[in-house]
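Structure below.
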């Protein structure tokens, strides 16, 4: 029975697009569902809505993850072992308590989709330039005050969502110009200072 369960969890990963935006079509399993399977056969885990303040240490054994959902928890930081998820392509960190970009993200060089919306992030650091495969970035409803110029190096981005924070017209123009081939979403600019 255990082998049948493990085989059932082996997932074929496919990538599709909706327009130019990568769409995640991976089947996600709960951590409880995968405990009987061999860690090397698990490609996607959903730990959403668990009220987590930190990630469980047993998660680090799933190094073949392509997708990880951590939506609607209480995470403020990621553990150091998060850098082990070098194959991760789809990551959902939305609706948590991050006030900065977790530096562990900058080691995830295969990341193509990052939703880190509805947090309290106030800056985008230079390390973001390491995410050379990132195509979709949802930053909606954060508290940005600074964005490192290195962010403009991510010319492969196809979609950026800055909505939920009101910026001055000059800020909107600066980043719209920096990404001429990218769909960049902003709320209407304010008549405020930069």
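Numbering (our numbering), first residue to last: 10 to 203.
Each residue gets a CB set at the ideal place from its N, CA and C atoms; glycine is no exception.
(request) Report the rounded CA-to-CA distance for residue 89 versus residue 81, giving the unit in angstroms. (result) 21 Å
(message) Does residue 186 pass the burial test, meaning 16 or more other C-beta atoms within 10 Å, or should it be called exposed?
(response) exposed
(message) From the DSSP secondary-structure annotation, give me the bridge partner or partners of residue 186.
(response) According to DSSP, residue 186 bridges with nothing at all.
(request) Take residue 130 as the anchor and find which of 196, 193, 49 and 106 has the nearest alpha-carbon. (result) 106
(request) For residue 91, I'd like the list of residues in its chain whose CB is within less than 6 Å of its CB, leaving aside the five on either flank, ordered along the chain. (result) 113
(request) Measuring alpha carbon to alpha carbon, tell me which of 54, 50, 117 and 46 ends up nearest residue 36. (result) 54
(request) Leaving aside the five residues before and after residue 159 along the sequence, list all residues of the same chain whose C-beta is less than 6 Å from its C-beta, in chain order. (result) 135 and 138
(request) Taking only the alpha-carbon atoms, compute the straight-line gap between residue 71 and residue 51 and give it to the nearest angstrom. (result) 7 Å
(request) Within its chain, find whatever has a CB closer than 8 Å to the CB of residue 141; leave out the 5 residues flanking it on each side and keep chain order. (result) 118, 163 and 165
(request) Following the continuous beta strand (DSSP E) through residue 207, name the residue where it begins and the one where it ends. (result) Residue 207 cannot be examined here, being either before or after the span of the chain that is shown, 10 to 203.
(request) Under 7 Å Cβ to Cβ from residue 69, same chain only, skipping five residues before and after it: list those, please. (result) 90 and 93
(request) List the DSSP bridge partners of residue 193. (result) 169
(request) Quick one: using the 10 Å Cβ neighbour count with 16 as the cut-off for buried, is residue 62 buried or exposed? (result) exposed
(request) Grab me the residues of residue 86's own chain with a C-beta within less than 7 Å of its C-beta, minus the 5 sequence neighbours each way, in chain order. (result) 111
(message) Suppose you measure from the CA of residue 198 to the CA of residue 128; what does that come to, to the nearest Å?
(response) 21 Å
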